[in-house]
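Visitor: Supplied in structure tokens, the structure appears directly below.
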Amino acid sequence: MSDGDVSSAQIFEDFSHENLRLNPHLEKMIDEMEEISVKLSCMAYDMVVLRTNADLAESLKNLENEFLKCKNAILGPTDHPDKKCLSDVELNIPEV
Numbered sequence: 000m001s002d003g004d005v006s007s008a009q010i011f012e013d014f015s016h017e018n019l020r021l022n023p024h025l026e027k028m029i030d031e032m033e034e035i036s037v038k039l040s041c042m043a044y045d046m047v048v049l050r051t052n053a054d055l056a057e058s059l060k061n062l063e064n065e066f067l068k069c070k071n072a073i074l075g076p077t078d079h080p081d082k083k084c085l086s087d088v089e090l091n092i093p094e095v
């Protein structure tokens, strides 16, 4: 065998050892990126559900209205002149 054959075989062997050494690191990085990707997908899904669920939006609106009603009952309408006090009609509260 000539020197060219020996050196190319040595280079190939060194390259193979280097690849084997890098594989665990690459696998770990790929696993971490897959976990991040799954978390990101779940977050995006949750965001879409929260923004498109009409029942949830209505519930949040009702909750905010009830909060404002309680706040007005406790603090009174004159404590915050810049905030408009909402009446029962505006809040769509049914009469009992």
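Residues in the sequence shown are numbered consecutively from 0, following numbering that gives the first Met the number 0. Even for Gly, the Cβ is constructed at its ideal location relative to N, Cα and C. Keep in mind it's a predicted model, so treat the numbers as computed, not measured.
1) Mapping the DSSP letters down to three states, classify Ile52 as helix, strand or coil.
2) Look at the Cβ atom of Leu55, then the Cβ atom of Leu62, and state whether they are nearer than 8 Å.
3) Can you tell me the Cα-Cα spacing of Lys60 and Leu39, whole angstroms?
4) What separation, rounded to the nearest whole angstrom, lies between the Cα atoms of Thr51 and Tyr44?
Guide: On the basis of the coordinates in this document:
1) For clarity, residue 52 is Asn in the given sequence; the question names Ile instead. Residue state, collapsed to three classes: coil.
2) no
3) Inter-residue distance for Lys60 and Leu39 is about 27 Å (C-alpha atoms, whole angstroms).
4) Answer to the nearest angstrom: the Cα atoms are 11 Å apart.
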